[in-house]
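*Asks:*
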Amino acid sequence: MSKSPPPVRLELAEYEFEPPGCKHDIFPPPMVNDQNTPEIKAAHEAIHANWGHKIVTRFPPEPNGFLHIGHAKAMFLDFGLAVQNEGVTYLRYDDTNPSGERQDYIDSIAETIHWLGHRPWKVTYTSDYFDQLYNMAIGLIKRGLAFVDHSAKEDIKKQRETREESQYRNRTVEENLRLFDDMRKGKCEEGSCVLRLKMDMKNNNPNMRDLIIYRVIYKPHLRTGDKWCIYPTYDYSHCIVDSLEHVSHSMCTLEFEIRRDSYFWLLDTLGLYKPIVWEFSRLNVTHSVMSKRKVNELVARGIVSGWDDPRLTSLAGLRRRGFCPEILSSFVRHTGITRNENLIRFDQLESCSRTFLDRTARRAMAVLDPVRVDIENFNEGWQLADKADGIQCEILDVPDFPSKPEKGNHQIVFTPIIYIDSSDFKEADEKGFWGLTIGKEVGLKYACNIICTSIIKDPKTGKVIQIRGRIDRERKNKVKGHLTWVAEARAWEVEAALKLHTNQQSETVVEEKEKEKEKEKDGKEKEKKKEVRNEEIVSPVSSIVNCFEHLFQHEDISEADDWLKDLNPESIQTFENAMVDYSLLKAKAEERFQFERVGYFCVDSKQSRESVGGRSKLTFNRTVSLRESPKKK
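Under UniProt numbering, the residues of the sequence shown are numbered 1 to 633, in order.
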């Protein structure tokens, strides 16, 4: 068994963050299983002793869709209980319905489990046991405990509701064996017949009223191909495979509690080992749907881009949005493992995210809706102006985490052409507005103060398209507003500025001599350099920024009259012409940053670099907004 990654612990007051695969020590001691006969118990314990594990759990997803946030809770319990008790966990694909199963779903499930930090002991499939399940069904027929029913689907449903026995219930063993063989050999149409158990049609538990255990499906199976045209149901296969795999603790959500009686009835009838069964409440989150049928409809209608759309609560979607394993694990722990059904507010996940990302996401500057600012006196007060050889590009070292400068710095560029967000400029000042206006002085973070001297408008629209201003590098005046910004520079300018910045920080004799040598180079060589210099604009970094809101308007979608009409028309806002600072030029997929004064963002793992108009653009997705003062405009 491969080991889980080491925990990443942060000393936080409200949340404790660590990868889900770590030992948590929060689960109660495992219950004692005293529901088996001494012989069955002894055989089971001997197998566990041979494995070296007393606790064996399983995570059994159906490969008919992507995993969602509710599965994160199930995995937290299934894998967590095992890890805490030095046990192991199966990943078992419950592949009993080939109609909706796909290989990309299997691949996605495996990738998501690994990404979350969980390490399955073994990967199995219910289809691994198809032969055994079929033989057990034959045995049940021979014992008079199963029969082939030709009743229509609607009739079977009505019979179970009214507790009436099927007219086919008393067929002979021989007839049932022949009919089941016909089903097996493909002689029956889909929906024409099923194999049912003979249980107790008068039982108060609907799940004890002659369950269907086999049905006809003419669709090739991903793993078994055309070998089978009859497939076992969940109610039949689940308990049997739990037993065959010697699972010690079988855990599922509360809606399966009604299946306890049939689960144990079938294992008792077959003389198989019975695991401990425990149910827990589902993790339901506001403003979202987790039903695979509904998500499929959203995808089919083109309402969302796919199962990994960042507005969904699929784990793949949450991953693209920037929620990492530590956040999801902490969120699940914070909501608790209980038997009480509840609806968890999505903003609890956002709150957990802010706490984590505030400590881990390094800062950067971004402008979502840029407007150009030309600085008229860039060289004024610049100490290196006389050494820059005409180059107007300055390198600034800014802290990764302003409140903790010891965590390191990153570099950005400052030039005579910068961009600020259009929301940070107004032609006329207003009370409470901290941005730039004509004649008003504000700060540029990490650089200087600036005062607007004039503006240029688009003659057709009247929109401000350019601002002109003068800077004060000494910051003589105290200002209230400090704006985030990005600067424009070409590759050769940045390269030269970096050399100048390095020389400034360590002016050794060797560097001075090399500088003199550069000046003495032949004029032709200088001309050659001019010809090959890289004119590519490397700052600011052109970007697409997606800002997400709730996909649905109602907190509880079940309260909406029509769930498809409850969609939030403003669930996504895309800034096609956003800009981020030079330090993000080589940002990688899934890297997370705090865009100062804007929010927490991550590089989209699916469209990290998108070509727009022949130019590569980074794509960022907003994970969560910052906490902002309601008074701030």
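Each residue gets a CB set at the ideal place from its N, CA and C atoms; glycine is no exception.
Starting from the Cα of Pro-232, find the closest Cα among Ala-447, Ile-109, Asp-94 and give me that residue.
*Replies:* When each option's Cα is compared against that of Pro-232, the closest is Asp-94.
*Asks:* Leaving out the 5 sequence neighbours to the left and right, which residues in its chain are closer than 7 Å to Arg-163 when beta-carbon positions are compared?
*Replies:* Closer than 7 Å at the Cβ level, and outside the excluded window around Arg-163, lie Met-201, Lys-202, Arg-209.
*Asks:* Quick check: Arg-196 and Asp-149, are their CB atoms within less than 7 Å of each other?
*Replies:* Against a cut-off of 7 Å, the Cβ pair of Asp-149 and Arg-196 comes out as a contact.
*Asks:* I need the boundaries of the alpha helix (DSSP H) containing Ala-82, first residue and last residue.
*Replies:* From DSSP, the alpha helix (DSSP H) with Ala-82 extends over 69-84.
*Asks:* For the alpha helix (DSSP H) holding Val-598, just list the boundary residues, first then last.
*Replies:* Note, Val-598: premise wrong, no alpha helix (DSSP H); not H, not E.
*Asks:* Nearest to Leu-315 by alpha carbon, out of Ala-385, Thr-112, Asp-78?
*Replies:* The shortest C-alpha separation from Leu-315 is found at Thr-112.
*Asks:* Between the alpha carbons of Phe-425 and Phe-433, how many angstroms are there, rounded?
*Replies:* Answer to the nearest angstrom: the Cα atoms are 9 Å apart.
*Asks:* Tell me the rounded alpha-carbon separation between Tyr-218 and Glu-189.
*Replies:* Using only the alpha carbons, I get a separation of about 9 Å.
*Asks:* Would you list the residues sitting across from His-249 in a DSSP beta bridge?
*Replies:* DSSP lists Ile-276 as partners of His-249.
*Asks:* State buried or exposed for Gln-573, treating a residue as buried only when at least 16 other CB atoms are found within 10 Å of its CB.
*Replies:* That one is exposed.
*Asks:* Between the C-alpha atoms of Ile-47 and Val-241, what's the straight-line distance to the nearest angstrom?
*Replies:* Looking at the two C-alpha atoms, the distance is approximately 15 Å.
*Asks:* How would you write the range of the alpha helix (DSSP H) that Val-325 sits in, first residue to last?
*Replies:* Checking the displayed sequence, the identity of residue 325 turns out to be Pro instead of Val. Unbroken alpha helix (DSSP H) run through Pro-325: 325-335.
*Asks:* So is Ser-291 buried or exposed if we call it buried at 16+ other beta carbons inside 10 Å?
*Replies:* Ser-291 should be labelled exposed.
*Asks:* At what residues does the alpha helix (DSSP H) containing Asn-546 begin and finish?
*Replies:* First-last for Asn-546: 541-548, but that is the beta strand (DSSP E), not the alpha helix (DSSP H).
*Asks:* Determine, using beta-carbon pairs with one atom in the segment 168-182 and one in the segment 126-144, whether at least three such pairs fall under 8 Å.
*Replies:* Taking 8 Å as the limit for Cβ pairs, the verdict is that the segment 126-144 does touch the segment 168-182.
*Asks:* Per the contact definition of three or more C-beta pairs closer than 8 Å, is the segment 614-623 in contact with the segment 597-604?
*Replies:* Yes, they touch.
*Asks:* Considering only the alpha carbon of each residue, which of Ile-391, Ile-69, Trp-121, Phe-66 lies closest to Glu-86?
*Replies:* For the residues Ile-391, Ile-69, Trp-121, Phe-66, the minimum Cα distance to Glu-86 belongs to Trp-121.
*Asks:* For Asp-347 and Arg-354, what's the separation of their Cα atoms in angstroms?
*Replies:* Straight-line Cα distance between these residues: approximately 10 Å.
*Asks:* Look up Gln-466 in the DSSP assignment and give the residues it is bridged to.
*Replies:* In the DSSP output, where bridge partners are listed per residue, Gln-466 has Arg-372, Ile-456.
*Asks:* So who's on the other strand from Val-148, going by DSSP bridges?
*Replies:* Paired residue(s): Leu-195.
*Asks:* Tell me, please, whether the segment 326-345 touches the segment 66-81 by the rule of three or more beta-carbon pairs shorter than 8 Å.
*Replies:* Result yes; three or more Cβ-Cβ pairs closer than 8 Å.
*Asks:* Assuming the contact rule is C-beta atoms closer than 8 Å, Ile-109 and Pro-38 should be a hit. Round their C-beta distance to whole Å, please.
*Replies:* Actually they are not in contact, since the Cβ atoms of Ile-109 and Pro-38 sit about 38 Å apart, beyond 8 Å.
*Asks:* Kindly confirm or deny that the segment 540-558 and the segment 495-502 touch, where touching means at least three C-beta pairs closer than 8 Å.
*Replies:* Counting Cβ pairs under 8 Å, fewer than three are found: no touch.
*Asks:* Around the Cβ of Pro-405, are there at least 16 other Cβ atoms within 10 angstroms (buried) or fewer (exposed)?
*Replies:* Under this definition Pro-405 is an exposed residue.
*Asks:* Where does Gly-302 sit, in a helix, a strand or coil, going by DSSP?
*Replies:* Coil.
*Asks:* Closer than 8 Å is the cut-off here; do at least three beta carbon pairs connect the segment 358-376 with the segment 392-401?
*Replies:* Taking 8 Å as the limit for Cβ pairs, the verdict is that the segment 392-401 does touch the segment 358-376.
*Asks:* Look up Arg-119 in the DSSP assignment and say whether it is helix, strand or coil.
*Replies:* Of the three classes helix, strand and coil, the one that applies to Arg-119 here is coil, per DSSP.
*Asks:* Could you work out which residue in Asp-226, His-287, Cys-252 is closest to Glu-554 when comparing CA atoms only?
*Replies:* Going by the sequence as given, residue 554 is His instead of Glu. Considering only alpha carbons, the answer is His-287.
*Asks:* To the nearest angstrom, report how far apart Glu-376 and Glu-570 are at their CA atoms.
*Replies:* One C-alpha to the other measures close to 40 Å.
*Asks:* Who are the Cβ neighbours of Ser-127 in its own chain at under 7 Å, not counting the five residues just before and after it?
*Replies:* These residues qualify, in order along the chain: Asp-95, His-221, Arg-223, Thr-224.
*Asks:* Rounded to the nearest angstrom, what separates Val-479 and Tyr-446 at their Cα positions?
*Replies:* The straight-line gap from Cα to Cα measures roughly 14 Å.
*Asks:* Is Ser-583 buried or exposed, if buried means 16 or more other CB atoms sit within 10 Å of its CB?
*Replies:* That one is buried.
*Asks:* Taking C-alpha atoms, which residue in Ile-450, Pro-459, Thr-461, Ala-491 lies nearest to Trp-485?
*Replies:* Ranking Ile-450, Pro-459, Thr-461, Ala-491 by Cα distance to Trp-485 puts Ile-450 first.
*Asks:* From which residue to which residue does the alpha helix (DSSP H) around Glu-176 run?
*Replies:* For the sequence presented, residue 176 should be read as Asn rather than Glu. Segment 173-184, the alpha helix (DSSP H) holding Asn-176.
*Asks:* CA-CA distance, Ile-303 and Arg-345?
*Replies:* Cα to Cα, Ile-303 sits roughly 23 Å from Arg-345.
*Asks:* Just to confirm the assignment, what range does the alpha helix (DSSP H) spanning Tyr-234 have?
*Replies:* Where Tyr-234 is concerned, the enclosing alpha helix (DSSP H) stretches over 234-244.
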